[in-house]
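Going by my numbering, the residue at position 60 of the sequence shown is 53; the numbering climbs one at a time, nothing skipped.
Cβ atoms here follow ideal geometry from the backbone N, Cα and C, with glycine treated the same way.
Note that this is a predicted model, so its numbers are computed, not measured.
Working notes for the structure below.
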Amino acid sequence: MPKETKSERFTIHFTPSDKQTITSKARQYGMSMSSYLTACALDKDITVIGDKDSFDELVRQVKIIGNNINQLRMLAQFGKISVIGLDEFTDELSDINSQLTKIIKRSGKWQR
């Protein structure tokens, strides 16, 4: 389903303190004011994934683990080492990777 284009304008007035509060909350959730106000008005869930830098570090570490597993798999295939449970571990890492991918796809809401 293609994403609908935001083509309509809506003008509203706020007190300076209300505007500051709304701006602060939108920034806290990593959203534009437009997206934040739309989510609030339409009773949509606002999901904050967390700190983007920490998440990026987590993804980087998972990739490093994946590289290490691939190296172990190659050594095992050449008969240089014997690894027990590598397939199960690879499956678990694949599941983690799938979950991280889902989070990345629905993100865009990072705390700063």
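In three-state DSSP terms, what is residue i?
i: Asp36; result: coil
i: Gln104; result: For Gln104, the predicted model reports a pLDDT of 47, less than 50, meaning its position is unreliable and no value from the coordinates is stated.
i: Glu85; result: helix
i: Thr(-1); result: The sequence shown places Lys at residue -1, not Thr. Coil at Lys(-1), not helix or strand.
i: Thr94; result: helix
i: Met26; result: helix
i: Thr31; result: helix
Exposed or buried, what is residue i when buried is set at 16 or more other beta-carbons lying within 10 Å of its beta-carbon?
i: Asp88; result: exposed
i: Met24; result: buried
Which residue comes first and which comes last in the alpha helix (DSSP H) that contains residue i?
i: Val76; result: Taken as a continuous stretch (DSSP letters only), Val76 belongs to no alpha helix (DSSP H), as it is neither H nor E.
i: Gly59; result: 45 to 70
i: Arg20; result: 9 to 21
When the Cα of residue i is compared with those of the options, which residue comes out closest?
i: Ser0; options: Thr14, Thr8, Asp11, Ser27; result: Ser27
i: Ala34; options: Lys56, Val76, Phe3; result: Phe3
i: Ile58; options: Lys(-4), Asp11, Thr83; result: Thr83
i: Val41; options: Pro(-5), Tyr22, Thr31; result: Tyr22
So is the beta-carbon of residue i under 8 angstroms away from any non-hydrogen atom of the ligand GTP?
i: Ser28; result: This structure lacks the ligand GTP, and indeed carries no ligand of any kind.
Worksheet item: Is there contact between the region 8 to 23 and the region 60 to 77, where contact requires at least three CB pairs shorter than 8 angstroms?
Response: no
Worksheet item: Is the region 45 to 55 touching the region 89 to 98, taking contact as three or more C-beta pairs under 8 angstroms?
Response: yes
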